[in-house]
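Number of protein chains: 2
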Amino acid sequence: MSDEDCGLRERKKRETRLALHRAALDLVEESGFDAVTTDQIAARAGVSSRTLFNYFPNKESAVLGATPADPDEMRALLDARPASEPILRSLRAIVETRLSPTTYDPQLRAQRRRVILSESSLGPALVGNNIRVENILTELVAERLGLDPAESVRPRVTVASALAAVRACIEHQHTGGRGTVEETVDEAFALLEHGFA
Amino acid sequence: MSDEDCGLRERKKRETRLALHRAALDLVEESGFDAVTTDQIAARAGVSSRTLFNYFPNKESAVLGATPADPDEMRALLDARPASEPILRSLRAIVETRLSPTTYDPQLRAQRRRVILSESSLGPALVGNNIRVENILTELVAERLGLDPAESVRPRVTVASALAAVRACIEHQHTGGRGTVEETVDEAFALLEHGFA
DNA sequence: GCGCAATTTTGCAGCGAGTGCAAGAATTGT
DNA sequence: ACAATTCTTGCACTCGCTGCAAAATTGCGC
Chain A
45 MSDEDCGLRE RKKRETRLAL HRAALDLVEE SGFDAVTTDQ IAARAGVSSR TLFNYFPNKE
105 SAVLGATPAD PDEMRALLDA RPASEPILRS LRAIVETRLS PTTYDPQLRA QRRRVILSES
165 SLGPALVGNN IRVENILTEL VAERLGLDPA ESVRPRVTVA SALAAVRACI EHQHTGGRGT
225 VEETVDEAFA LLEHGFA
Chain B
45 MSDEDCGLRE RKKRETRLAL HRAALDLVEE SGFDAVTTDQ IAARAGVSSR TLFNYFPNKE
105 SAVLGATPAD PDEMRALLDA RPASEPILRS LRAIVETRLS PTTYDPQLRA QRRRVILSES
165 SLGPALVGNN IRVENILTEL VAERLGLDPA ESVRPRVTVA SALAAVRACI EHQHTGGRGT
225 VEETVDEAFA LLEHGFA
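Just so you know, the protein sequences line up as chains A and B, in that order. Okay, so the first sequence: first residue is 45 according to the working numbering, each after it adds one. Okay, so the second sequence: first residue is 45 according to the working numbering, each after it adds one.
If you want it as structure tokens, here you go:
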């Protein structure tokens, strides 16, 4: 996926996109999300402010380097999981992939992770409140469970809870909570799986 | 609470607040959330645009008539629930109270409900993404469970999942899903209680 | 009532996010 | 090298929201 379409045009676009993402991450890490303007990000990336919005729909997405959730891509992710796996576990894997994309170079990934875990303005944009992602996943989960998403809320509630759980764990970090994200996510999904009762 | 402090000043403030809320609801019901500007809301309420933001922190809050989440108030709500009640059930009751405040006159409440269920821009502002509410509830739930919210994620995950579940049910309505909100919320909380496994 | 203090409203000036549009620059295939 | 396509840029603009200081309103002691 990263080597196909190697025209100059496509390569430049990838470079620009990455430059914007890097610039955004750097600036946010330096001064905090709210103190950084989109103009500054564009300037550091060496591109006009208008161009930033050709690549990302908003500031948050630029910082996250968010790729516009593609249904096919997510379907591929889900299909990659064994059919026998409990749906929650598959969901968790998918969400974690979105959280730290494996196509990144490790250093950038680490920085992204650092920023996500320290900037609370980003949580919502990442997993919570991301209606588009929720809708796509709901559709996919319904399919796998053999349910009609218009008939039963179950798929949607499953997805929403999973996303919320991850976001809660990130929030837990923001508020200085104990444990690594991995540990707390473990705990959270155990709760979802076996019930809060 | 609605009769105390009956000075002219306090009464006028309540009137203005209500006027803004009503204006916002009316306009949004007429034209949709995105098509309504804060200036229009203020104008219909007969106050300056600047005044709107003296009463509400943002457009969404004006439409929702959102009262700034008060820790003490929420504690009172929780304390009103029997101590033996499962925490999820208490949470559900609290969230539902926030969803349709009992201090409203029925007609306004109905309108508010209608708007909430038809305007998807509002879901986030109501329950999801409401970090402040989540933090307060997390604290309270931790207390009731006898846990330290910094030690265990459980309280936070419980709260986040409950909020997410309700938001998911509202979203279910938005997307034309079947069933009343009550039914779907029932189903959702049953899942949370007994687990998704 | 009267006048002073506290509070509220308002206008204004301004910032930052985000968009539509049209002109200009770069890249492509031929 | 030329034309078609695509990307970038600048510009003007809307909208949400904020700070500030002046003006209006209300509360209170007399």
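Virtual Cβ for every residue (Gly too), placed ideally from N, Cα, C.
Cβ neighbour criterion (16 or more within 10 Å) applied to residue i
{"i": "leucine 52 of chain A", "result": "exposed"}
{"i": "arginine 103 of chain A", "result": "A small fix is needed here, since residue 103 of chain A is lysine in this sequence, not arginine. So lysine 103 of chain A counts as buried."}
{"i": "alanine 124 of chain B", "result": "exposed"}
{"i": "arginine 142 of chain B", "result": "buried"}
{"i": "serine 93 of chain B", "result": "exposed"}
{"i": "glycine 221 of chain A", "result": "buried"}
{"i": "asparagine 98 of chain A", "result": "exposed"}
{"i": "leucine 71 of chain B", "result": "buried"}
Span separating the alpha-carbon of residue i from that of residue j
{"i": "alanine 241 of chain B", "j": "isoleucine 138 of chain B", "result": "26 Å"}
{"i": "serine 144 of chain A", "j": "arginine 157 of chain A", "result": "7 Å"}
{"i": "phenylalanine 233 of chain A", "j": "glutamate 227 of chain B", "result": "25 Å"}
{"i": "proline 101 of chain A", "j": "alanine 154 of chain B", "result": "35 Å"}
{"i": "serine 46 of chain B", "j": "arginine 58 of chain B", "result": "With a pLDDT of 41 at serine 46 of chain B, under the threshold of 50, the predicted position of this residue should be treated as unreliable, though the coordinate-derived value follows. Distance between the alpha carbons of serine 46 of chain B and arginine 58 of chain B: 9 Å."}
{"i": "alanine 186 of chain A", "j": "glutamate 178 of chain A", "result": "12 Å"}
{"i": "aspartate 76 of chain B", "j": "glutamate 163 of chain B", "result": "In the sequence on display, residue 76 of chain B carries glycine and not aspartate. The straight-line gap from Cα to Cα measures roughly 7 Å."}
{"i": "methionine 118 of chain A", "j": "aspartate 78 of chain A", "result": "31 Å"}
{"i": "valine 229 of chain B", "j": "leucine 236 of chain B", "result": "10 Å"}
{"i": "aspartate 149 of chain A", "j": "arginine 61 of chain A", "result": "15 Å"}
{"i": "asparagine 174 of chain B", "j": "cysteine 50 of chain A", "result": "44 Å"}
{"i": "glutamine 151 of chain B", "j": "alanine 63 of chain B", "result": "14 Å"}
{"i": "proline 130 of chain B", "j": "threonine 95 of chain A", "result": "52 Å"}
{"i": "glutamate 74 of chain A", "j": "threonine 81 of chain A", "result": "13 Å"}
{"i": "leucine 122 of chain A", "j": "leucine 122 of chain B", "result": "39 Å"}
{"i": "glutamate 54 of chain B", "j": "threonine 147 of chain B", "result": "17 Å"}
{"i": "proline 168 of chain A", "j": "alanine 169 of chain B", "result": "11 Å"}
{"i": "proline 258 of chain B", "j": "lysine 56 of chain B", "result": "Outside the modelled stretch of chain B, which goes from 45 to 241, sits residue 258 of chain B, for which no answer is possible."}
{"i": "isoleucine 85 of chain B", "j": "isoleucine 85 of chain A", "result": "34 Å"}
Of the residues the options, the one placed nearest residue i, counting alpha carbons only
{"i": "valine 160 of chain A", "options": "A/Ala234, A/Val229, A/Glu215, A/Arg222", "result": "The question names valine, but residue 160 of chain A is isoleucine in the sequence shown. The shortest C-alpha separation from isoleucine 160 of chain A is found at A/Glu215."}
{"i": "leucine 166 of chain B", "options": "B/Ala212, B/Gly190, B/Glu129, B/Thr60", "result": "B/Ala212"}
{"i": "glutamate 231 of chain A", "options": "B/Arg200, B/Pro126, B/Glu74", "result": "B/Arg200"}
{"i": "alanine 34 of chain B", "options": "B/Ala106, B/Pro130, B/Val107, B/Leu135", "result": "Missing from the structure shown is residue 34 of chain B; chain B here goes from 45 to 241 and no further."}
{"i": "aspartate 192 of chain B", "options": "A/Asp116, A/Gly223, A/Glu237, A/Pro115", "result": "A/Gly223"}
{"i": "aspartate 83 of chain B", "options": "B/Glu73, B/Ala106, B/Leu62", "result": "B/Ala106"}
{"i": "valine 225 of chain B", "options": "B/Gly239, B/Leu235, B/Glu140", "result": "B/Glu140"}
{"i": "histidine 238 of chain A", "options": "A/Thr81, A/Arg133, A/Glu54", "result": "A/Arg133"}
{"i": "leucine 189 of chain A", "options": "A/Ala169, A/Glu74, A/Ser128", "result": "A/Ser128"}
{"i": "arginine 176 of chain A", "options": "A/Pro115, A/Glu54, A/Thr146, A/Lys56", "result": "A/Pro115"}
Take every Cβ of the region 209-225 of chain B, pair it with every Cβ of the region 176-194 of chain A, and state whether three or more of those distances are shorter than 8 Å.
yes
Three or more C-beta pairs under 8 Å: does that hold for the region 53-67 of chain A against the region 89-96 of chain A?
yes
Any residues in the region 207-240 of chain A with a beta carbon nearer than 8 Å to a beta carbon of chain B? Which ones, in chain order?
Leu207, Ala208, Ala209, Arg211, Ala212, Cys213, Glu215, His216, Thr219, Gly220, Gly221, Arg222, Gly223, Thr228, Glu231, Ala232, Leu235, Leu236, Glu237, His238, Gly239, Phe240
Please confirm if the region 190-197 of chain B is in contact with the region 106-118 of chain B, defined as three or more CB-CB distances below 8 Å between the two stretches.
no
With a cut-off of 8 Å, do at least 3 Cβ pairs link the region 199-214 of chain A to the region 203-213 of chain B?
yes
Residues of the region 193-204 of chain A whose Cβ lies closer than 9 Å to any Cβ of chain B, in chain order:
Pro193, Ala194, Glu195, Ser196, Val197, Arg198, Arg200, Val201, Thr202, Val203, Ala204
Interface positions of the region 127-152 of chain A facing chain B (Cβ-Cβ less than 8 Å), listed along the chain:
Pro130, Ile131, Leu132
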